[in-house]
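Working notes, structure below.
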Amino acid sequence: SAPQYVCRNCSYLFREPCRFMTLLLGAALMVVRASGSSSGKNLQRYAKRPGQYNSTLNLLGIALKLLTGPMDTIAYNLAPQSTLAPFCISLGLLFDFCAAGRMHGDAVSQQDVAAALLIVSGTALCMANGAKTGRGLHNPPDLDMLTTYSVLVSTICTIPACAVVKLRNVAGQADALAHAALGGILGSMTLVAGKTLVSRLQAPDFTVLSVLPYCIVAALVCPLHLFVLNRAFGRHSLVFLSPAQGALGLLANVTTGFCLYSEVPVSTLGFCLGVALLLMGVVVLCSKKQVKCASRGDPDFVQSYGEVRTQRLQA
Numbered sequence: 001s002a003p004q005y006v007c008r009n010c011s012y013l014f015r016e017p018c019r020f021m022t023l024l025l026g027a028a029l030m031v032v033r034a035s036g037s038s039s040g041k042n043l044q045r046y047a048k049r050p051g052q053y054n055s056t057l058n059l060l061g062i063a064l065k066l067l068t069g070p071m072d073t074i075a076y077n078l079a080p081q082s083t084l085a086p087f088c089i090s091l092g093l094l095f096d097f098c099a100a101g102r103m104h105g106d107a108v109s110q111q112d113v114a115a116a117l118l119i120v121s122g123t124a125l126c127m128a129n130g131a132k133t134g135r136g137l138h139n140p141p142d143l144d145m146l147t148t149y150s151v152l153v154s155t156i157c158t159i160p161a162c163a164v165v166k167l168r169n170v171a172g173q174a175d176a177l178a179h180a181a182l183g184g185i186l187g188s189m190t191l192v193a194g195k196t197l198v199s200r201l202q203a204p205d206f207t208v209l210s211v212l213p214y215c216i217v218a219a220l221v222c223p224l225h226l227f228v229l230n231r232a233f234g235r236h237s238l239v240f241l242s243p244a245q246g247a248l249g250l251l252a253n254v255t256t257g258f259c260l261y262s263e264v265p266v267s268t269l270g271f272c273l274g275v276a277l278l279l280m281g282v283v284v285l286c287s288k289k290q291v292k293c294a295s296r297g298d299p300d301f302v303q304s305y306g307e308v309r310t311q312r313l314q315a
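Numbering (my numbering), first residue to last: 1 to 315.
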């Protein structure tokens, strides 16, 4: 048997050296993922400054988001998701908050930090008390269940989508929250489409025709998700958008996991407490008054692109 290295203070980590090394490797991947994703978001926001649009930087930001996305799946196969997910979210928020003032002139208040801490704590509780088993890739939902899910979620998406259209010329917390909600739901739909597509590719009765409908769904949902995120990054501060979208996206994912993949929390009380902290973090963000702030080299710059557009339309 493999030798055991037991440490009094860190017995769980060092009981098996391989476990500790995979945890370090998973954490390193999440550092790369968080930094790359944050860089992509900030590049998209910086590229869409009012009157200074830069398509090259915008495409580079989208490419970074796409390239770093699959690292989640790789890291979660190396180390527990309950450990890595809160770590990644915390790093991402830290990077976004540090870049907010230097790149975009967005002020980070104590209320923003408090909301971010609530969301990170809620994420940690949800992951620690969430489901440990479920259907998995080898036992995906049947076609009837997926059809019902698609109709239901598409109907739910119309609420934030209508809000986005209604508020297209108006800036504010409502518009940012609508973008965050729509982005979170579409992100969850993208995850379901990807998992379903992979399960169909691994099925014994795999045929091109059997996979084609899932490819079409993924080809429709993924670009729409990227479009909503890109539009949101150009209109609103990442100080608000990143934690709000992270919280609402996590809620959408755990709801989908429960409904489609029978992922039942191991501790209902702890899981509900985590959800409550997530919602509290979003409420704290929404209760903040939106303030205008100047960016270096652009005295007319304000926190939201929608405000500039509204001012120009009124003029």
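Using N, Cα and C, we set each Cβ at its ideal position, and we do this for glycine too.
As the structure is a computational prediction, the values presented were derived from the model and not from experiment.
- Taking each of Leu285, Lys166, Ala244, Cys98 in turn and checking the Cα distance to Ser35, the smallest one comes out for Cys98.
- In the structure shown, Pro213 falls within a helical segment according to DSSP collapsed to helix, strand and coil.
- Taking 9 Å as the cut-off, the beta carbon of Val284 is found closer than this to the beta carbon of Gln111.
- In this structure the segment 153 to 171 touches the segment 182 to 198; the number of beta carbon pairs closer than 8 Å is three or more.
- In this chain, the alpha helix (DSSP H) harbouring Tyr149 covers 143 to 166.
- Taking all protein chains in view, the Cβ of Met145 is surrounded by fewer than 16 other Cβ atoms within 10 Å, so the residue is classified as exposed.
- Counting the other CB atoms within 10 Å of its CB gives Met21 a total below 16, which places it among the exposed residues.
- Setting aside the 5 residues that flank it on each side, Asn253 is surrounded in the same chain by Ser188, Leu191, each with a C-beta closer than 7 Å to its C-beta; the list follows chain order.
- Collapsing the DSSP output to three states places Ser237 in coil.
- In terms of Cβ geometry, Ala115 and Gly281 form a close pair [threshold 9 Å].
- A residue is called buried when at least 16 other Cβ atoms come within 10 angstroms of its Cβ; Asp96 meets this threshold and is buried.
- For Phe206, there is no enclosing alpha helix (DSSP H), as DSSP gives it neither H nor E.
- With a contact defined as Cβ atoms closer than 8 Å, Ile119 and Pro243 qualify at about 5 Å.
- If you look at Leu277, you'll find it in the alpha helix (DSSP H) that goes 268 to 286.
- The Cβ-Cβ distance between Asn169 and Asn58 does not fall below 9 Å.
- Between the beta-carbon of Ser39 and that of Leu64 there is about 6 Å, and that keeps the pair under the 8 Å contact cut.
- In its chain, beyond the 5 residues on either side, no residue has a beta carbon closer than 6 Å to the beta carbon of Leu117.
- Just so you know, the alpha carbons of Val113 and Leu143 end up roughly 43 Å apart.
- In this structure, Arg49 lies away from Ala75, with their beta-carbon atoms at least 9 Å apart.
- When DSSP states are grouped into helix, strand and coil, Tyr261 belongs to the helix group.
- Counting other Cβ atoms within 10 Å of its Cβ, Lys195 reaches 16 or more and is therefore classed as buried.
- Bounds of the alpha helix (DSSP H) holding Asp112 are 110 to 129.
- In this structure Lys41 is buried. Its beta-carbon is surrounded by 16 or more other beta-carbon atoms within 10 angstroms.
- Here the segment 203 to 218 does not lie against the segment 259 to 269, with fewer than 3 beta-carbon pairs under 8 Å apart.
- Ser262 has its alpha-carbon roughly 25 Å from the corresponding atom of Gly69.
- Boundaries for Lys48: no alpha helix (DSSP H) harbours it, and the DSSP string shows neither H nor E there.
- Residue burial annotation: Ile216 is exposed, with fewer than 16 other C-beta atoms found within 10 angstroms of its C-beta.
- If you ignore the 5 residues before and after Leu182, its C-beta comes within less than 7 Å of the C-beta of Cys157, Pro160, Ala161, Val164, Val228, all in its own chain and listed in chain order.
- Non-local beta-carbon contacts of Leu60 in its own chain, meaning distances under 6 Å to residues more than five positions away in sequence, involve Leu43 in chain order.
- With contacts defined as CB atoms closer than 9 Å, Leu84 and Ala27 qualify as a contacting pair.
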